[in-house]
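Taking it in order: structure first as structure tokens, then the write-up.
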Amino acid sequence: MPQSIPQDSVGIVTPQTIHFDQPLALACGQTLENYDLVIETYGELNPDASNAILVCHALSGNHHLAGYHSAEDKKPGWWDSAIGPGKPIDTNKFFVIGLNNLGGCHGSTGPQSLNPETGKPYGPDFPLMTVPDWVESQARLADHFGIQQWAAIVGGSLGGMQALQWSINYPERLRHCMVIAAAPKLSAQNIAFNEVARQAISRDPDFNNGHYYEENQIPKTGLMLARMLGHITYLSDDGMREKFGRELREGKISYDFNPQFEVESYLRYQGERFSTAFDANTYLLMTKALDYFDPAADYNHSLPSALEGALCKFMVISFTTDWRFSPERSREIADALVEAEKQVSYAEIDSDHGHDAFLIPNPRYMDIFAAYMQRVGADIPTTGKEAN
Amino acid sequence: MRADLDIIQEWVKTKSKVLDLGCGNGELLCYLQQEKNITGYGVEFGHDNITACIEKGVNVIEKNIDEGLAGIEDNSFDTVIMTQALQVMHRPDQIVDEMLRIGKECIVTFPNFGHWRARGYLALRGKMPVSKFLPYTWYNTPNIHFCTFKDFENLCLERNIHILERTVVDNQHKHHWSIRLWPNMLGEVAIYRITR
Numbered sequence: 001m002p003q004s005i006p007q008d009s010v011g012i013v014t015p016q017t018i019h020f021d022q023p024l025a026l027a028c029g030q031t032l033e034n035y036d037l038v039i040e041t042y043g044e045l046n047p048d049a050s051n052a053i054l055v056c057h058a059l060s061g062n063h064h065l066a067g068y069h070s071a072e073d074k075k076p077g078w079w080d081s082a083i084g085p086g087k088p089i090d091t092n093k094f095f096v097i098g099l100n101n102l103g104g105c106h107g108s109t110g111p112q113s114l115n116p117e118t119g120k121p122y123g124p125d126f127p128l129m130t131v132p133d134w135v136e137s138q139a140r141l142a143d144h145f146g147i148q149q150w151a152a153i154v155g156g157s158l159g160g161m162q163a164l165q166w167s168i169n170y171p172e173r174l175r176h177c178m179v180i181a182a183a184p185k186l187s188a189q190n191i192a193f194n195e196v197a198r199q200a201i202s203r204d205p206d207f208n209n210g211h212y213y214e215e216n217q218i219p220k221t222g223l224m225l226a227r228m229l230g231h232i233t234y235l236s237d238d239g240m241r242e243k244f245g246r247e248l249r250e251g252k253i254s255y256d257f258n259p260q261f262e263v264e265s266y267l268r269y270q271g272e273r274f275s276t277a278f279d280a281n282t283y284l285l286m287t288k289a290l291d292y293f294d295p296a297a298d299y300n301h302s303l304p305s306a307l308e309g310a311l312c313k314f315m316v317i318s319f320t321t322d323w324r325f326s327p328e329r330s331r332e333i334a335d336a337l338v339e340a341e342k343q344v345s346y347a348e349i350d351s352d353h354g355h356d357a358f359l360i361p362n363p364r365y366m367d368i369f370a371a372y373m374q375r376v377g378a379d380i381p382t383t384g385k386e387a388n
Numbered sequence: 001m002r003a004d005l006d007i008i009q010e011w012v013k014t015k016s017k018v019l020d021l022g023c024g025n026g027e028l029l030c031y032l033q034q035e036k037n038i039t040g041y042g043v044e045f046g047h048d049n050i051t052a053c054i055e056k057g058v059n060v061i062e063k064n065i066d067e068g069l070a071g072i073e074d075n076s077f078d079t080v081i082m083t084q085a086l087q088v089m090h091r092p093d094q095i096v097d098e099m100l101r102i103g104k105e106c107i108v109t110f111p112n113f114g115h116w117r118a119r120g121y122l123a124l125r126g127k128m129p130v131s132k133f134l135p136y137t138w139y140n141t142p143n144i145h146f147c148t149f150k151d152f153e154n155l156c157l158e159r160n161i162h163i164l165e166r167t168v169v170d171n172q173h174k175h176h177w178s179i180r181l182w183p184n185m186l187g188e189v190a191i192y193r194i195t196r
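For the protein sequence lines, the chains are H and R, in the order given. The numbering of the first sequence is UniProt numbering, which starts it at 1 and goes up by one. The numbering of the second sequence is UniProt numbering, which starts it at 1 and goes up by one.
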């Protein structure tokens, strides 16, 4: 447990489940008749509902952005470094919502949920979700809170893609869009890595074509391999050299296939931990949502045309050693926004942490984050109910 | 506002699209946004300057201008500005070409190495000039491509670049009748408005 809860933490937080009865038509052609979204909120929504920030999560993220679930909780939420009183997303000023996306495995309707038609878990029959589907579900979440326009939508990686999609699909419903360590679409190399991860999972004998819940087993090996592979793409060559080098656990080579280098045992540990904490069907679904993301596809493959209708201001951030979604990919977004004559700033942060850098506080990153959030705060309309 | 920026702002049209290369802390763009309702973007490499731009609400793109401006479309800006940065570029001629490709019109300012003080310093002391205005020594200066007004105008002539306007000022950025008479000797900063 944390020795004591830090002053700049949002403290103990409790997730809530919101049920939606309005059917949601999905890109794949199927419809979710009703669904649940699990969320967490921090800070207070002002009477105008004009100070709300939506934080979208990445591949393996969830609704637990900040704070602790109990005093015994060892680790805070995944973006605790950026969200809290006095932090870049200042919960004294903003009302922050984190959600678990549809198809997730942390409480929102997903492959583990019961399929009303069969009374059994959906498993592989859960419809494939796309980024626009998520945006639609998030818009309904905004409606639920009476939020007409988000002060900002913020996300890293796949989360940044959702933020970008929002600016296209609902231009009038956000004032600021912060796209961190993202890409306008995946490259063939990105898709290739995802495919290896999917094959690792689906070829695990315990995967049982996705119907493993009934068998009371999980494709642990497959999920572990997928995560190990993913993890390599999240780190940088420099970062791995710095962190592990060629350090040997026992100090000498043992001429067998047991893990000897530190990096091997680190990856195994991370993979194993993940394999029991995450759902394989969700992992498959999330990687597909990434692969399918391509907002320019509907606009003759022109990103500036796709962004033509956007009304919000943008902040785009990348990290120097990120090779999963490299700075070039973020620059494509920034260049397209300049071409479309949108308000945009772009910063490239020096970091050794590769793609993971978006989750790791770094003085310059936090300075820029905070400076931009100041602008987001300054753009909250001062008229209306709050002035009374 | 810096006095040379005050002269430049007069040359920028209301509601135009402006790119400021080496925009520093965003002072000029901030002013142009407020007073001339422009859509502006700065390009900057200095970390503190980038944060300062974001704080001001000035659009800023982090980029090393020496790497080129390939992501920016031809003729996509009304005015491209570069103040006091030409002399730090690896290839000032290529940057001027890039500026003219992107912008319908460009505004360039740079320190004049032909100023009498610089000439005198080199002639009398036999050393590279160091002054309050140009405070670096030869080995640590970011200013790697000094030129005089004459040099710049020769480049324009060679490359078929039209000089639409030129203002030459001293380091207090004042015009004086003598500067107009003998610019390359008495002017410390030149402000050029150029086009292709």
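For each residue, glycine too, the CB sits at the ideal point set by N, CA and C. Because the structure is a prediction, the values reported are computed rather than measured.
Check: Residue burial classification, Ile144/R (beta-carbon count within 10 angstroms, cutoff 16); Outcome: exposed
Check: Chain-ordered neighbours of Gly71/R on chain H, where CB pairs are closer than 7 Å; Outcome: Arg331, Asp335
Check: Contacts around Trp150/H, its chain only, beta-carbon distance under 6 Å, and the 5 residues preceding and following it disregarded; Outcome: Ala52, Leu54, Leu174
Check: Near-chain R residues of the stretch 179-204 of chain H - C-beta to any C-beta below 8 Å; Outcome: none
Check: Cα-Cα separation between Phe146/R and Ile61/R, rounded to whole angstroms; Outcome: 26 Å
Check: Collapsed DSSP secondary structure at Ile65/R in the structure displayed; Outcome: helix
Check: Local conformation of Cys30/R per DSSP, three classes; Outcome: helix
Check: Neighbourhood of Thr195/R by C-beta, 8 Å cutoff - its chain only, sequence neighbours within 5 removed; Outcome: Leu100, Lys104, Glu105, Cys106, Ile161, His162, Leu164
Check: Below-7 Å beta-carbon distance, His145/R vs any chain H residue; Outcome: no
Check: First and last residue of the uninterrupted alpha helix (DSSP H) at Val376/H; Outcome: 363-378
Check: Same chain, Cβ closer than 6 Å to Cys53/R, neighbours up to 5 away in sequence not counted; Outcome: Gly26, Gly42, Val60
Check: Status (buried if at least 16 other CB within 10 Å, exposed otherwise) for Trp166/H; Outcome: buried
Check: Whole-Å CB distance - Pro184/H paired with Arg329/H, under 8 Å assumed; Outcome: 7 Å
Check: Presumed contact (8 Å Cβ cut-off) between Leu307/H and Ala340/H, rounded CB distance; Outcome: 5 Å
Check: Residue interval of the alpha helix (DSSP H) (run including Tyr266/H); Outcome: 262-277
Check: Rounded separation between Asn388/H and Ile368/H - CA only; Outcome: Per-residue confidence for Asn388/H stands at a pLDDT of 41, beneath the threshold of 50, marking its modelled position as unreliable; the derived number appears in the next sentence. Asn388/H and Ile368/H: Cα-Cα distance of roughly 33 Å.
Check: Spatial distance of Phe94/H from Met128/R (CA atoms); Outcome: 55 Å
Check: Whole beta strand (DSSP E) elements within the stretch 44-88 of chain H, 3-residue minimum; Outcome: 52-56
Check: CB contact flag (Ala197/H, Gly156/H, <7 Å); Outcome: no
Check: Contact under 7 Å by Cβ, Ala370/H with Ile50/R; Outcome: no
Check: Whole runs of the alpha helix (DSSP H) within the stretch 283-316 of chain H, excluding any shorter than 4 residues; Outcome: 303-307
Check: Spatially closest choice to Gln33/R from Ile72/R, Val18/R, Ser76/R, Asp97/R, by CA coordinates; Outcome: Val18/R
Check: Counted within 10 angstroms of its Cβ, other Cβ atoms place Gln94/R as buried (16 or more) or exposed; Outcome: exposed
Check: Interface flag, Gln22/H vs chain R, CB-CB below 7 Å; Outcome: no
Check: Residue environment, Ser254/H, which counts as buried when at least 16 other CB atoms sit within 10 Å; Outcome: exposed
Check: Cβ of Gln162/H within 7 Å of any chain R Cβ; Outcome: no
Check: Start-to-end residues for the alpha helix (DSSP H) that takes in Lys132/R; Outcome: Looking at the DSSP string, Lys132/R is not in any alpha helix (DSSP H), and its letter there is neither H nor E.
Check: Amino acids of chain R, ordered along the chain, whose beta-carbon sits closer than 9 Å to that of Ser302/H; Outcome: Per Cβ cutoff of 9 Å: no residues; Ser302/H is ~12 Å from chain R at best.
Check: Interface flag, Asn59/R vs chain H, CB-CB below 7 Å; Outcome: yes
Check: Arg227/H - containing alpha helix (DSSP H), residue span; Outcome: 220-234
Check: Cutoff 7 Å: Asp322/H Cβ touching any chain R Cβ; Outcome: no
Check: Buried or exposed (CB count within 10 angstroms, at least 16 for buried), Asn194/H; Outcome: buried
Check: Short CB-CB distance (under 7 Å) between Tyr41/R and chain H; Outcome: yes
Check: Met240/H - DSSP class collapsed to helix/strand/coil; Outcome: helix
Check: Test item: CB-CB of Ile89/H and Met373/H under 7 Å; Outcome: yes
Check: Beta-carbon proximity check, Leu37/H vs Ser108/H, cutoff 7 Å; Outcome: yes
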